[in-house]
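Letter by letter, the sequence shown follows residues 391 to 549 in our numbering. Heads up, the thing below is written out as structure tokens.
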Amino acid sequence: MEVNNDNLEKSDISTLMYQAEFLNIDSLPVSIPKSYLKDKNLLIDFWYIKCSPCLRKMVPLAAVKMRIGKTGTGEVILINDGSIDSFSTFKKAVSGLPKNLQYLYDVNGKLTKSVNVTGYPYEIVLHRGEVVRKLVGFNKGETDDLYIDEVLEMLNNKK
391 MEVNNDNLEK
401 SDISTLMYQA
411 EFLNIDSLPV
421 SIPKSYLKDK
431 NLLIDFWYIK
441 CSPCLRKMVP
451 LAAVKMRIGK
461 TGTGEVILIN
471 DGSIDSFSTF
481 KKAVSGLPKN
491 LQYLYDVNGK
501 LTKSVNVTGY
511 PYEIVLHRGE
521 VVRKLVGFNK
531 GETDDLYIDE
541 VLEMLNNKK
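As structure tokens, then:
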């Protein structure tokens, strides 16, 4: 697991997120609400179907989402790389994944390319729109509880 502290400017990530084209599992176009970048902490996880660490990470992310939902301070969004997976493959895969997560399909992988995803899974944590952490990979040896606690601490940060 590699932590990458390269900085994307707040305006850069916000602009990139609003320029990207997303579909939900019902094939409807969606955008990331501005409140997610302005008022909340946000974990964005980039993934693709045949990435086993990506799929393994979804159970702990579902636990994070369940616990963070109670506080209202953060959100978790999983963005599928549309330059790797077709929409039909994405839709079929999501049907077997944790139901409480928000899955978005990055049409043509535009956001994925724009934020320079260097490996999968690729996690970005934003605090009110500012990147506070980038993480590449998911450590199989790390306990889910340790990962969940670490992410919750970041997403519950109200500074």
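Glycine is no exception: its CB is placed at the ideal position from the N, C-alpha and C atoms. Model, not experiment: these values are computed from the prediction.
| Query | Result |
| --- | --- |
| Among Lys447, Met456 and Thr405, whose alpha-carbon lies nearest the alpha-carbon of Leu427? | Thr405 |
| Residues bridged to Ile469 by DSSP? | Phe436 and Leu494 |
| My guess is that Tyr512 and Phe436 are in contact by the Cβ rule of under 8 Å, so how many angstroms apart are they, rounded? | 4 Å |
| So what does Lys524 bridge to, in DSSP terms? | Ile514 |
| Helix, strand or coil for Pro488? Go by DSSP, reduced to three states. | coil |
| Is Lys460 near the ligand GTP, with its Cβ less than 7 Å from a heavy atom? | Ligands are entirely absent from the displayed structure, and the ligand GTP is therefore not among its contents. |
| Can you tell me whether Pro419 is helix, strand or coil according to DSSP? | strand |
| Could you check how far apart the C-beta atoms of Arg523 and Met544 are, in whole angstroms? I think they sit under 8 Å. | 7 Å |
| Does Pro450 pass the burial test, meaning 16 or more other C-beta atoms within 10 Å, or should it be called exposed? | buried |
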